[in-house]
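The working numbering numbers the first residue of the sequence shown as 1035 and each following residue consecutively.
Since the structure comes first, as structure tokens, the remarks are kept for the end.
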Amino acid sequence: VKLDPDLVEAKMASLAHAPGVRRAGMPPAPEMDDDARGARKTALAAFLCPPAAPLASASDTKTTLAAAERRELMREVANRALPEGCRDDFFYEVLERRHWEPLTREAYAATVRSCVSSTGALAITSAYHAAEDALLVTCHAAPHEEKMDEAPYRVNRASPWCEFFGVYAAAYAVLLESRARRDARNAERAKRAADDEARRLETEASDLAALDPAAREAREASDAEARREAEA
């Protein structure tokens, strides 16, 4: 039996589980029907400046309904699908996100699985957004309140910038102290070697001074020959 690798891969991908696939993590049926969503869009559009209307001031800008819905969706992501540490640091950055890429169900499941397995983003947070009948999913490091040190593995956890900077500063201070101790040990070893060499030369000079001239010349010739052999 010959199997088509592409068909096998597609079949395996279709069986992959991820939040939102086959409405996992979502209500069995949409919480809002088409009429409710249409009424909601109409109410939201009432607060927007019409395209033909003049601006009240030079600093005002016009926002389309699609842009307003997009910002509302990203606000839901920032408020409900980000852990506390990430929310504090990236709330406004998430609101300004403009990248949009449609994915098939198989590609989405593979993307989530790849993110979790390759980046260590062990935590997945999801929240249902009834206005779009969508599941908001984020993959991120473990929330800062989880005790990851007790797990059989180590994974970076989400933390506020102030906490991260404090940990970084403390670790950097420890690194500087270890470098200072290493440099002090190296300097002590170099000083000890220099002192030993100075004492050796002083001893040799004293021994040579105690010899008679003929013996001193023979000793100096012998030492010079030994140095040449050692250098060779």
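We put the CB at the ideal spot given by N, CA and C, even for glycine.
Since this is a predicted model, take the numbers as computed values, not measurements.
Residue i versus residue j - alpha carbon distance
i, j, result
"Y1187", "E1135", "Low local confidence applies: a pLDDT of 44 at Y1187 is under 50, so the model's placement there is unreliable, with the coordinate-based value given in what follows. Going by the C-alpha atoms only, they are around 33 Å apart."
"A1204", "E1211", "11 Å"
"E1254", "E1236", "15 Å"
"R1233", "A1243", "15 Å"
"C1083", "A1077", "13 Å"
"R1147", "A1218", "49 Å"
"R1226", "R1215", "16 Å"
"A1044", "L1037", "12 Å"
"L1049", "F1081", "44 Å"
"F1199", "M1108", "27 Å"
"E1106", "P1062", "24 Å"
"R1056", "A1168", "12 Å"
"A1101", "P1064", "23 Å"
"L1245", "A1224", "32 Å"
"R1213", "F1124", "35 Å"
Residues that DSSP places opposite residue i in a beta bridge
i, result
"T1172", "T1159"
Presumed contact (8 Å Cβ cut-off) between residue i and residue j, rounded CB distance
i, j, result
"E1110", "A1161", "7 Å"
"T1159", "P1117", "7 Å"
"A1143", "A1052", "4 Å"
Terminal residues of the alpha helix (DSSP H) in which residue i lies
i, result
"G1072", "D1068 to A1079"
"D1038", "Unbroken run through D1038: none, as it is neither H nor E."
"R1056", "First-last for R1056: undefined, no H or E at that position."
"E1106", "L1099 to R1114"
Neighbour flag for residue i against chain D, beta carbons, 7 Å
i, result
"E1166", "In summary, chain D is missing from the structure at hand, where a single protein chain is found."
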